[in-house]
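So for the sequence shown, the working numbering puts the first residue at 1; every next one is plus one.
Input: a single structure, listed below in structure tokens.
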Amino acid sequence: MNFTPFKLNLYMFFKLPSAFWCGVRAKSISEEVCQSTVKHRWFNQNPFNSMYFAVQAMAAEFTTGVLVMLQIKETGQNISMLVANNKATFTKKAKGRITFECNQGNLIKESIQKAIETCEGQTLWLTSIGTDEKGDQVSEMQFEWSVKVKSQ
């Protein structure tokens with residue numbers, strides 16, 4: 001699969017339908033940076049008239065996971081990936097369109113290369129920052145990813 005926003009959104013429709021129906025969409029992708037957006041709506045709100053935390057987590061995790069998938073594809077190796085842990089900090093009500101960005105493609109590339117060289121699983125923490133339309137940070141999500149070369 002080529003990693004374009006359209007193909008990622010199609011992938012999300014079939015493989016991550018709850019994220020798709022909550023409004024999470026891929027915005028941009030490169031080897032270093034991935035962005036997703038989600039708009040606060042009735043369907044994804046919490047009782048406090050802002051975006052439900054789990055919807056923010058889906059959009060944030062998507063940015064980190066897509067970068068891991070892209071770097072794995074670049075190696076041509078059979079490598080598994082799994083979220084082992086996560087942390088979140090919420091700094092402002094998430095209203096309007098929220099953009100999440102992870103810009104740690106180089107860190108992912110290094111960890112995957114180390115997993116290939118050592119044949120041992122590697123873990124790495126990736127961060128996705130959510131900002132509103134004014135550019136104010138609304139949340140910061142961290143995901144601990146585990147990558148491991150599958151035995152042949």
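For every residue, glycine included, the Cβ atom is placed at its ideal position computed from N, Cα and C.
From a predicted model like this one, the values you see are computed outputs, not experimental measurements.
- In angstroms, rounded to a whole number, what distance separates the CA positions of M58 and N85? 14 Å
- Message: I need the straight-line Cα distance from P5 to G65, nearest angstrom please.
- Response: 14 Å
- Run the CB neighbour count on F143, radius 10 Å, all protein chains shown included, and call it buried at 16 or more, exposed below. buried
- Query: For T63, which of helix, strand or coil comes out of DSSP?
  - Reply: helix
- Message: Going by C-alpha to C-alpha distance, which of Q122, S36, F43, T91 sits closest to E140?
- Response: T91
- Message: Can you confirm whether the segment 108-125 touches the segment 41-61 when touching is taken to mean that 3 or more C-beta pairs between the two stretches lie within less than 8 Å?
- Response: no
- Inter-residue spacing [alpha-carbon to alpha-carbon] between T37 and R97: 7 Å
- Length of the line joining the Cα atoms of R25 and F3: 13 Å
- What residue range is occupied by the uninterrupted beta strand (DSSP E) comprising N106? No beta strand (DSSP E) holds N106; the alpha helix (DSSP H) holding it covers 105-118.
- Compute the distance between the beta-carbons of V68 and I108, then report whether it is under 8 Å. yes
- Item | T75, DSSP secondary structure in three states | helix
- Item | Own chain, CB closer than 7 Å to C22, minus 5 neighbours either side, in chain order | V38, F43, N44, V55, M58
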